[in-house]
Amino acid sequence: MPGNKKWLIVLGTVIMQMGLGTIYTWSLFNAQLVSKFGWELSSVSITFSITSFALAFATLFAGKLQDRFGLRRLTAAAGIMLGLGLILSSQASSLPMFYLLAGVVVGYADGTAYITSLSNLIKWFPKNKGLISGVSVGAYGTGSLIFKYITGSLIESQGVSGAFLYWGMIVMVMIVIGSMLVREAPAPAKAVSGRTAASGGTVIPAKDYTVKEMLRTKEAYLLFVIFFTACMSGLYLIGIVKDIGVTLAGLDVAAAANAVAMIAIFNTAGRLILGALSDRMSRLKLLSITLAVTAAAMFTLSYAALNYGLFFTCVAAIAFCFGGNITIFPAIVSDFFGLKNHSKNYGVIYQGFGIGALSGSFIAALLGGFKPTFIIIGLLCILACLIAVSLKAPGQRQAREKGMSLKPSRPTA
148 MPGNKKWLIV LGTVIMQMGL GTIYTWSLFN AQLVSKFGWE LSSVSITFSI
198 TSFALAFATL FAGKLQDRFG LRRLTAAAGI MLGLGLILSS QASSLPMFYL
248 LAGVVVGYAD GTAYITSLSN LIKWFPKNKG LISGVSVGAY GTGSLIFKYI
298 TGSLIESQGV SGAFLYWGMI VMVMIVIGSM LVREAPAPAK AVSGRTAASG
348 GTVIPAKDYT VKEMLRTKEA YLLFVIFFTA CMSGLYLIGI VKDIGVTLAG
398 LDVAAAANAV AMIAIFNTAG RLILGALSDR MSRLKLLSIT LAVTAAAMFT
448 LSYAALNYGL FFTCVAAIAF CFGGNITIFP AIVSDFFGLK NHSKNYGVIY
498 QGFGIGALSG SFIAALLGGF KPTFIIIGLL CILACLIAVS LKAPGQRQAR
548 EKGMSLKPSR PTA
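Here the sequence shown is numbered in my numbering, starting from 148 and rising by one per residue.
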């Protein structure tokens with residue numbers, strides 16, 4: 148395809164991803180819904196966890212739906228579904244209705260369009276998987292940054308329910324327009340041997356794994372553990388960052404609200420910078436660094452006496468690493484298991500996103516506070532870091548094991 152047409156596909160994907168990323172502004176609605184309806188903050192904040200879980204769950208089926216309906220029709224339908232979920236949320240007056248509409252419906256639509264448009268774009272640019280993944284998911288983060296101000300203005304002028312109405316209308320238009328510009332990537336050529344960044348530059352045999360074949364490898368489960376941990380650290384922070392600033396750092400509400408913009412900025416920066424960097428160095432080594440930094444930030448939030456500067460430094464570090472990890476992982480999955488079935492394979496690994504989103508809230512409820520939850524997440528990040536350092540792609544491991552089995556035994560006297 149001519150280069151100008153390819154960049155139209157990039158533009159369409161970016162527009163869609165920006166609309167999809169607006170769900171990351173959810174923490175702006177927590178206090179407003181509490182104030183209007185008198186609900187508990189912990190009960191309201193669960194909505195974002197449900198959204199994230201439904202988003203991840205949708206990725207299990209998105210690949211099959213794409214095979215049946217095509218990328219354009221599927222993403223357009225997802226945009227309409229997402230917009231309607233938010234528009235109907237403007238009329239909701241009970242927590243179960245918010246859980247269903249803003250949680251299940253919005254999350255499922257978001258995940259369907261997210262995974263299919265991202266995987267499609269990676270297939271168009273197989274030589275720059277890290278960079279192009281960064282562009283796509285970077286747009287997702289940019290959407291949350293821009294809509295932090297749009298949503299804040301809508302809440303102030305229209306009230307919390309009116310903000311849902313206009314938010315839904317805007318997002319629906321963005322995703323439908325974006326879907327009109329994208330084109331489905333042709334089936335990738337049969338996998339051949341080549342350099343993979345995940346293996347540190349080693350040439351290893353490449354293979355296109357089916358979902359069943361992938362699930363027979365131990366690497367799939369280890370990647371799931373890493374992804375689960377990386378997602379829990381970022382998503383837990385995103386959902387309650389404003390409340391952490393007020394409770395732990397002693398900030399006023401206006402200053403704490405700036406943390407939402409801080410997360411959006413550094414989340415987006417991490418996606419672009421670490422995504423591009425992952426094409427130049429081992430993705431797994433880069434992943435281990437981000438997990439170590441996240442662990443350090445989590446322990447700081449737990450044990451240090453927080454002030455304005457230290458709080459925002461930790462928030463920025465976690466958001467930067469989370470954004471980078473979300474970007475690196477699609478490329479790692481393609482490095483390990485090939486491009487042909489990427490959306491289906493990544494959809495399985497991506498369940499770590501949904502489970503991670505729910506786990507942070509449940510750990511906090513079980514342990515009774517922010518600080519114990521930060522400690523648990525920090526410990527899990529250290530474990531995930533150690534796994535990432537020692538992990539090898541299946542092809543590399545199998546080649547090494549085969550080579551060891553073919554070594555001649557030493558002659559005996």
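Don't be surprised by glycine CBs; every beta carbon is placed ideally from N, CA and C.
As the structure is a computational prediction, the values presented were derived from the model and not from experiment.
**Study point:** Ala402, DSSP secondary structure in three states
**Key:** Under the three-state reduction of DSSP output, Ala402 falls in the helix class.
Exercise for review: Output the distance between the C-alpha atoms of Gly542 and Leu370, rounded to the nearest integer angstrom.
Suggested key: Rounded to the nearest angstrom, the gap between the Cα atoms of Gly542 and Leu370 is 15 Å.
Practice item. Measure the beta-carbon distance from Phe476 to Gly417 and round it to whole angstroms, keeping in mind my assumption that it falls under 8 Å. Key: About 13 Å separates the CB atoms of Phe476 and Gly417; that is not less than 8 Å, and the two are not in contact.
Practice item. Below 8 Å CB to CB, which residues in the same chain sit around Val393 once its five sequence neighbours on both sides are set aside? Key: Hits under 8 Å: Asp399, Val400, Ala403.
Review point. Relative to the alpha-carbon of Ile234, which residue among Tyr455, Ala451, Ile317, Phe458 has its alpha-carbon at the smallest distance?
Key: Checked all of Tyr455, Ala451, Ile317, Phe458; the closest Cα to Ile234 is Ile317.
Check your understanding: Do you know how far the Cα of Tyr450 is from the Cα of Ile522?
Key -> Inter-residue distance for Ile522 and Tyr450 is about 9 Å (C-alpha atoms, whole angstroms).
Exercise for review: May I ask which residues mark the beginning and end of the alpha helix (DSSP H) holding Ile479?
Suggested key: Element bounds for Ile479: 455-484.
Check your understanding: Smallest Cα separation from Ser192: which of Asn177, Phe204, Ser182?
Key -> Looking at the Cα atoms, Asn177 is the closest of the given residues.
Point to revise | Contact under 7 Å by Cβ, Gln179 with Val307 | key: Contact flag set, yes.
Check your understanding: Terminal residues of the continuous alpha helix (DSSP H) containing Glu360?
Key -> Under the DSSP assignment, Glu360 falls in the alpha helix (DSSP H) whose first and last residues are 358-361.
Check your understanding: Is DSSP giving Ala451 helix, strand or coil here?
Key -> In this structure, Ala451 counts as coil in the three-state DSSP scheme.
Check your understanding: Can you tell me the Cα-Cα spacing of Phe459 and Ala406, whole angstroms?
Key -> Answer to the nearest angstrom: the Cα atoms are 7 Å apart.
Point to revise | Whole-angstrom distance between Gly516 and Val282, CA atom to CA atom | key: Roughly 36 Å separates the two Cα atoms.
Review point. Roughly how many angstroms lie between the CA atoms of Thr364 and Ile269, to the nearest whole one?
Key: Their Cα atoms are separated by approximately 23 Å.
Exercise for review: Give the straight-line distance between the Cα atoms of Arg427 and Leu486, rounded to the nearest whole angstrom.
Suggested key: Cα-Cα distance, rounded: 19 Å.
Review point. Where do the ends of the alpha helix (DSSP H) carrying Met319 lie?
Key: Its alpha helix (DSSP H) spans residues 276-328.
Practice item. In angstroms with no decimal places, state the Cα-to-Cα distance between Ala286 and Ile262. Key: Distance between the alpha carbons of Ala286 and Ile262 is about 14 Å.
Check your understanding: Would DSSP call Asn488 helix, strand or coil?
Key -> It is coil, neither helix nor strand.
Practice item. Return the Cβ separation of Leu328 and Gly159 in integer angstroms, given the expectation that the two are a contact with Cβ distance under 8 Å. Key: Rounded, the Cβ-Cβ distance is 3 Å, consistent with contact.
Practice item. Compute the beta-carbon to beta-carbon distance between Ala108 and Gly288, rounded to the nearest angstrom, for a pair I have assumed lies under 8 Å. Key: Because residue 108 is not part of the residues shown, which for the chain are 148 to 560, the question remains open.
Check your understanding: DSSP state of Gln238, grouped into three classes?
Key -> Assignment of Gln238 by DSSP, reduced to helix, strand and coil, places it in the coil class.
Review point. For Ala260, which residues of its own chain have a beta-carbon under 7 Å away from its beta-carbon, when the five flanking residues on both sides are left out?
Key: Excluding residues within five positions, the ones whose Cβ falls inside 7 Å are Met163, Leu167, Thr222, Ala225, Gly226, Ile322.
Review point. Is the region 496-509 touching the region 440-455, taking contact as three or more C-beta pairs under 8 Å?
Key: In short, these stretches do not touch, since the Cβ pair count stays below three.
Review point. Three-state secondary structure (DSSP) at Ser429?
Key: Residue state for Ser429 is assigned as coil, using DSSP reduced to three classes.
Review point. Does the beta carbon of Gly277 sit closer than 7 Å to a beta carbon anywhere in chain D?
Key: Any reference to chain D falls outside this structure, which holds one protein chain only.
Practice item. Measure the CB-CB distance between Ile531 and Ile373 and report whether it falls below 7 Å. Key: For the sequence presented, residue 531 should be read as Ala rather than Ile. Yes, they are a contact pair.
Practice item. Give the DSSP-derived three-state secondary structure of Tyr171 in the structure shown. Key: If DSSP states are grouped into helix, strand and coil, Tyr171 belongs with the helices.
Practice item. Just the C-alpha distance for Arg430 and Gly309, rounded to the nearest angstrom, thanks. Key: About 43 Å.
Point to revise | Rounded straight-line distance, which links the Cα of Leu292 to that of Ala344 | key: Residue placement at Ala344 is flagged as unreliable, the pLDDT there being 41, under the threshold of 50; the coordinate-derived value follows with that caveat. Computed Cα separation, rounded: 30 Å.
Review point. DSSP state of Trp271, grouped into three classes?
Key: Three-state result, Trp271: helix.
Check your understanding: If you check the beta carbons only, do Met445 and Ile524 fall under 7 Å apart?
Key -> Less than 7 Å divides the Cβ of Met445 from the Cβ of Ile524.
Exercise for review: Give the single residue among Val284, Ala511, Leu312, Cys378 whose Cα lies nearest to the Cα of Cys528.
Suggested key: Each of Val284, Ala511, Leu312, Cys378 was checked against the Cα of Cys528, and the nearest Cα belongs to Cys378.
**Study point:** alpha helix (DSSP H) segment containing Lys354, residue limits
**Key:** Here Lys354 belongs to no alpha helix (DSSP H), and DSSP marks it neither H nor E.
Exercise for review: Tell me whether Ala442 sits in a helix, a strand or coil according to DSSP, three-state version.
Suggested key: If DSSP states are grouped into helix, strand and coil, Ala442 belongs with the helices.
Practice item. Please go through the same chain and pick out, in chain order, the residues whose beta-carbon is closer than 6 Å to the beta-carbon of Phe413, but skip the five residues on each side of it. Key: Taken in chain order, the residues that qualify are Ala463, Ala466, Phe467.
Exercise for review: Give every residue of the same chain whose Cβ lies closer than 7 Å to the Cβ of Ser425, excluding the five residues on either side of it in the sequence, and list them in chain order.
Suggested key: Around Ser425: Gly277, Ala344, Leu433, Ile475, Ala478.
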